[in-house]
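Under our numbering, the first residue of the sequence shown is numbered 3, with each subsequent residue one higher.
Glycine residues also receive a C-beta, built at the ideal position from the N, C-alpha and C atoms.
On a predicted model such as this, the values are computed, not experimentally measured, just so you know.
Here is the structure we will look at, set down as structure tokens.
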Amino acid sequence: MRVLGLMSGTSADGVDLVLAEFTGSPPDVVHRVLAHREVAYPEELRTRVLRAMRHGDTRELALLHHDLGRFYLEAALPFKGRAQLVALSGQTVWHEPPRATFQLGEPSHLALGLKVPVVHGFRGMDLAAGGQGAPLVAYPDLLLYGEAGKRKAVHNLGGISNLTYFQGKDPSSLLALDTGPGVCLFDEAAGTLGLSWEEATALAEEAKPDEEALRAWLSHPYFQAPPPKTTGREVWRLEHLSPLPQDPARLLRSLLEFTARSILEAYRRFVGPVDQVLLAGGGARNRVLVALLSQHLPISVMENPKVREALAFALLGYLYAIGEVNVLGRATGGRDLRAGQRVEPG
Numbered sequence: 003m004r005v006l007g008l009m010s011g012t013s014a015d016g017v018d019l020v021l022a023e024f025t026g027s028p029p030d031v032v033h034r035v036l037a038h039r040e041v042a043y044p045e046e047l048r049t050r051v052l053r054a055m056r057h058g059d060t061r062e063l064a065l066l067h068h069d070l071g072r073f074y075l076e077a078a079l080p081f082k083g084r085a086q087l088v089a090l091s092g093q094t095v096w097h098e099p100p101r102a103t104f105q106l107g108e109p110s111h112l113a114l115g116l117k118v119p120v121v122h123g124f125r126g127m128d129l130a131a132g133g134q135g136a137p138l139v140a141y142p143d144l145l146l147y148g149e150a151g152k153r154k155a156v157h158n159l160g161g162i163s164n165l166t167y168f169q170g171k172d173p174s175s176l177l178a179l180d181t182g183p184g185v186c187l188f189d190e191a192a193g194t195l196g197l198s199w200e201e202a203t204a205l206a207e208e209a210k211p212d213e214e215a216l217r218a219w220l221s222h223p224y225f226q227a228p229p230p231k232t233t234g235r236e237v238w239r240l241e242h243l244s245p246l247p248q249d250p251a252r253l254l255r256s257l258l259e260f261t262a263r264s265i266l267e268a269y270r271r272f273v274g275p276v277d278q279v280l281l282a283g284g285g286a287r288n289r290v291l292v293a294l295l296s297q298h299l300p301i302s303v304m305e306n307p308k309v310r311e312a313l314a315f316a317l318l319g320y321l322y323a324i325g326e327v328n329v330l331g332r333a334t335g336g337r338d339l340r341a342g343q344r345v346e347p348g
């Protein structure tokens with residue numbers, strides 16, 4: 003089955019689309035990536051998404067929900083006639099487990115425009131079943147990257163940082179959690195300073211971190227909480243950090259160090275030794291952050307770090323379509339579940 007996975011992450015920078023072909027059933031699912039496309043949000047749409055993550059009235063959210071659906075369809079049109087099924091993550095604008103998780107992007111636009119069924123609503127169903135609504139990609143990670151005799155972690159550096167750990171292909175070894183902020187704070191600071199990603203990275207590369215600020219930030223209670231646990235941009239904003247270094251270069255370096263040290267602490271406290279850490283997500287392109295992590299972890303950056311999550315959602319959709327469990331409770335804190343809702347093309 004050819005499935006098109008669409009993933010919009012917490013970095014809120016656009017959508018990744020992966021067309022993949024799947025055969026078989028767990029534990030032996032065979033996959034082949036056929037195509038990948040990355041489409042950035044237009045600036046006006048991204049501004050609206052970021053605003054919705056902070057506040058938004060009913061009309062604003064309703065309009066954004068459908069405008070995102072239309073944007074997803076436009077991004078997916080090159081795959082029309084190739085995909086037999088679409089799996090849609092939606093854009094998370096609020097994540098407050100166990101009370102709520104909220105994704106925008108009306109799936110009917112995709113179903114009618116591509117003339118194929120769309121599976122969506124994965125997070126909401128997991129939350130209703132007692133889970134955190136994340137990280138949903140843990141079971142797909144195990145099926146896609148598990149290797150006999152190896153202790154592996156798949157680590158995503160998006161706006162939020164999350165990891166999946168497993169031994170071989172054993173589901174009972176699965177551990178998944180959000181470690182805390184990924185690059186959302188660095189992105190926010192770069193935007194506030196009017197810097198491009200490269201300009202901000204270059205500044206951080208030459209600076210030293212503020213150790214006093216780091217000690218204060220790392221005392222946040224989230225880091226001591228045991229897994230399963232998830233978090234979001236609702237928590238990790240510059241306005242919530244104190245103190246904030248006033249020198250721009252020092253601030254940027256401190257934010258990258260904050261992400262790196264919180265990740266390393268999560269491996270120390272909850273994971274233990276690993277043979278390989280497969281690094282994915284937009285943050286895997288930040289050379290400073292990758293260098294900080296590589297000093298302490300056996301890092302391998304994926305060939306295309308933006309493929310991983312969209313591919314995982316495509317697999318979630320495939321498992322749903324063949325009637326298999328696609329979310330494991332040991333990863334999200336809920337129960338094993340065939341999560342999702344299906345919209346037909348009419």
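> Below 8 Å between beta carbons: does that hold for VAL20 and GLY7?
Replying inline: Here residue 20 corresponds to residue number 18 of the sequence shown, with the count starting at 1. Here residue 7 corresponds to residue number 5 of the sequence shown, with the count starting at 1. In this structure, GLY7 lies closer than 8 Å to VAL20 by Cβ.
> From this set, LEU52, GLU346, ILE265, which residue's C-alpha is nearest PHE225's C-alpha?
Replying inline: Numbered from its first residue, the sequence shown carries residue 225 at position 223. Cα-wise, what sits closest to PHE225 is ILE265.
>> Comparing C-alpha positions only, which one of THR94, GLY331, HIS38, LEU216 sits nearest to ASP128?
In response: Counting from 1 along the sequence shown, the entry for residue 128 is found at position 126. For ASP128, the nearest C-alpha among the options comes from GLY331.
> When the Cα atoms are used, what is the spatial distance from PHE24 to VAL120?
Replying inline: Counted from its first residue, the sequence shown places residue 24 at position 22. Counted from its first residue, the sequence shown places residue 120 at position 118. Straight-line Cα distance between these residues: approximately 16 Å.
> In three-state terms, what does DSSP make of GLN105?
Replying inline: Sequence index remark: in the sequence shown, residue 105 carries index 103 (1-based). DSSP places GLN105 in strand when its eight states are reduced to three.
>> Using a 10 Å radius around the Cβ and a threshold of 16 neighbouring Cβ atoms, would you call LEU79 buried or exposed?
In response: Residue numbering aside, residue 79 sits at position 77 when the sequence shown is read from its first letter. Taking all protein chains shown into account, LEU79 has fewer than 16 neighbouring C-beta atoms within 10 Å of its C-beta and is therefore exposed.
> At what residues does the alpha helix (DSSP H) containing VAL290 begin and finish?
Replying inline: If you number the sequence shown from 1, residue 290 lands on position 288. Start and end: 289–296.
> Can you name, in chain order, every residue of its own chain whose Cβ lies under 6 Å from the Cβ of ALA268, other than the five neighbours on each side?
Replying inline: Working through the sequence shown from its first residue, we reach residue 268 at position 266. Once the five neighbours on either side are set aside, the close Cβ partners of ALA268 are THR181.
>> Measuring alpha carbon to alpha carbon, tell me which residue in ARG153, GLN134, HIS222 is nearest ALA341.
In response: The sequence position of residue 341 within the sequence shown is 339, counting from 1. The candidate whose alpha carbon is nearest that of ALA341 is GLN134.
> Based on the DSSP output, what are the partners of TRP96 in its beta bridges?
Replying inline: Sequence index remark: in the sequence shown, residue 96 carries index 94 (1-based). According to DSSP, which records beta bridges pairwise, TRP96 is partnered with PHE104.
> In angstroms, rounded to a whole number, what distance separates the CA positions of GLU46 and ARG53?
Replying inline: Translated into positions along the sequence shown, residue 46 becomes position 44. Translated into positions along the sequence shown, residue 53 becomes position 51. About 11 Å.
> Using CA coordinates, which residue listed in PRO28, LYS82, ASP15, PRO29 is at the minimum distance from ALA37?
Replying inline: Residue mapping note: residue 37 aligns to position 35 of the sequence shown, counting from 1. Ranking PRO28, LYS82, ASP15, PRO29 by Cα distance to ALA37 puts LYS82 first.
>> With a threshold of 8 Å, are at least 3 pairs of Cβ atoms found where one atom belongs to the region 138–150 and the other to the region 164–174?
In response: yes
> Roughly how many whole angstroms lie between the Cα atoms of VAL345 and LEU106?
Replying inline: By one-based count along the sequence shown, residue 345 stands at place 343. By one-based count along the sequence shown, residue 106 stands at place 104. Separation of VAL345 and LEU106 (C-alpha to C-alpha, rounded to the nearest whole angstrom) is 15 Å.
>> Here's a check: name, in chain order, each residue in its chain whose Cβ is nearer than 7 Å to the Cβ of VAL290, leaving out the five neighbours to either side.
In response: Walking along the sequence shown from the start, residue 290 turns up at place 288. Same-chain partners within the cutoff: THR203, ALA206, GLU207, LEU258.
>> Short of 6 Å in beta carbon distance, which residues of its chain neighbour ALA286, apart from the five on each side in sequence? Order them along the chain.
In response: Translated into positions along the sequence shown, residue 286 becomes position 284. Counting only Cβ-Cβ distances below 6 Å, and skipping sequence neighbours, we find LEU159, VAL303, PRO307.
> Terminal residues of the continuous beta strand (DSSP E) containing THR181?
Replying inline: Position 179 of the sequence shown, counted from the start, is the residue given in the question as residue 181. From DSSP, the beta strand (DSSP E) with THR181 extends over 177–183.
>> Is it buried or exposed, SER27, if we count other Cβ atoms within 10 angstroms and call 16 or more buried?
In response: Residue 27 sits at position 25 when you count from the first residue of the sequence shown. SER27 is exposed by the Cβ-count criterion.
> Distance, Cα to Cα, GLN343 vs HIS97?
Replying inline: The count along the sequence shown starts at 1 and reaches residue 343 at position 341. The count along the sequence shown starts at 1 and reaches residue 97 at position 95. Cα to Cα, the separation comes out at about 19 Å.
> For ILE1, which three-state DSSP category applies?
Replying inline: In the structure as shown, the chain starts at 3 and stops at 348, and residue 1 therefore has no counterpart that could be examined.
>> Contact criterion: CB-CB distance below 8 Å. Does PRO250 meet it with respect to chain C?
In response: The question asks about chain C, but that chain is absent: this structure has only one protein chain.
> Rounded to whole angstroms, how far is the Cβ of LEU339 from the Cβ of VAL327, which I believe are closer than 8 Å?
Replying inline: Within the sequence shown, the letter at position 337 stands for residue 339. Within the sequence shown, the letter at position 325 stands for residue 327. Contact holds; Cβ gap of about 6 Å.
> Where does the unbroken alpha helix (DSSP H) through ALA191 begin, and where does it stop?
Replying inline: Your numbering for residue 191 matches position 189 in the sequence shown. Taken as a continuous stretch (DSSP letters only), the alpha helix (DSSP H) holding ALA191 covers 186–195.
> Going by the CB atoms, is the gap between HIS157 and ALA282 shorter than 8 Å?
Replying inline: Residue numbering aside, residue 282 sits at position 280 when the sequence shown is read from its first letter. Residue numbering aside, residue 157 sits at position 155 when the sequence shown is read from its first letter. It is a contact, given that the beta carbons lie within the stated cut-off.
>> Once DSSP output is grouped into helix, strand and coil, what is the label at GLY234?
In response: Within the sequence shown, numbered from 1, the residue matching residue 234 stands at position 232. Note: GLY234 maps to coil in three-state DSSP.
>> Do PRO137 and ALA178 have their beta-carbon atoms positioned less than 8 Å apart in this structure?
In response: The sequence position of residue 178 within the sequence shown is 176, counting from 1. The sequence position of residue 137 within the sequence shown is 135, counting from 1. Going by C-beta atoms, ALA178 is nearer than 8 Å to PRO137.
> Nearest-angstrom Cα distance between ARG252 and LYS117?
Replying inline: Locating residue 252 in the sequence shown gives position 250, where the first residue counts as 1. Locating residue 117 in the sequence shown gives position 115, where the first residue counts as 1. Taking the straight line from one Cα to the other gives about 51 Å.
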